[in-house]
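In terms of full-length UniProt numbering, the sequence shown is residues 1 to 137.
Working notes, structure below.
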Amino acid sequence: MRFTDGTPFLTDWRRISTTVFQGASALSVAGGIAVLNNLSVVMERVEYYMANMKMIRETLAKCAIPCYGGVDAPFVFAKFGGNSWTAFDKLLRDCQIVTIPGVGFGPAGEGFLRISGYGTADDIKEACERILAVFGS
């Protein structure tokens, strides 16, 4: 692409782009500063959701369902075996719990469900009770 006088457009476009978009946006910077200025609040939230994950991991262990994760992130991959969609349907139908079929993360996720710790502690506790009622021994 060229200007009408024949000079290349790309050089000027790169200059404009790097000048305008250099660095993070003001909104991103403001958000980062807000988080760093309230780190204690952020850590409270992290601890809250990780406590939810502990409940989920303990429930899955009681049901002898192997799980991975949930230690450093508020998600756990639970190995139900077989088809991820079948496991998804079972939890939805029998426990009224929505999860994410592991196969959605690629072929290695087949047989797994991703369970999230995001939610209120009361909702997570109820979900764990439902899982225990259906899969517990």
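Note that the Cβ used here is the ideal one computed from N, Cα and C, for glycine as well.
Distance from the CA atom of Gly-117 to the CA atom of Gly-23, rounded to whole angstroms, is 33 Å. When Arg-93, Tyr-49, Arg-57, Gln-96 are compared, the shortest CA-CA separation from Phe-77 is found for Arg-57. For Ala-78, the enclosing beta strand (DSSP E) covers residues 75–79. Note that the C-beta distance between Gly-104 and Gly-81 is not below 8 Å.
Residue pairing by DSSP places Cys-128 in no beta bridge whatsoever. Going by DSSP, Ile-33 is part of the alpha helix (DSSP H) stretching over 26–37. Secondary structure at Ile-65: coil, using DSSP grouped into helix, strand and coil. Leu-60 and Trp-13 have their C-alpha atoms roughly 55 Å apart.
Checking the DSSP bridge columns, you'll see Leu-113 partnered with Ala-78, Pro-101. Ranked by how close their Cα comes to the Cα of Gly-119, the residues Phe-88, Glu-47, Thr-19, Pro-66 have Glu-47 in first place. Counting the other CB atoms within 10 Å of its CB gives Asn-37 a total below 16, which places it among the exposed residues. Of the candidates Ala-73, Val-98, Gly-69, Val-98 places its Cα closest to the Cα of Arg-130. Short of 6 Å from the beta carbon of Gly-70, and not among the five residues preceding or following it, lie these beta carbons of its own chain, in chain order: Met-53, Arg-57, Val-76.
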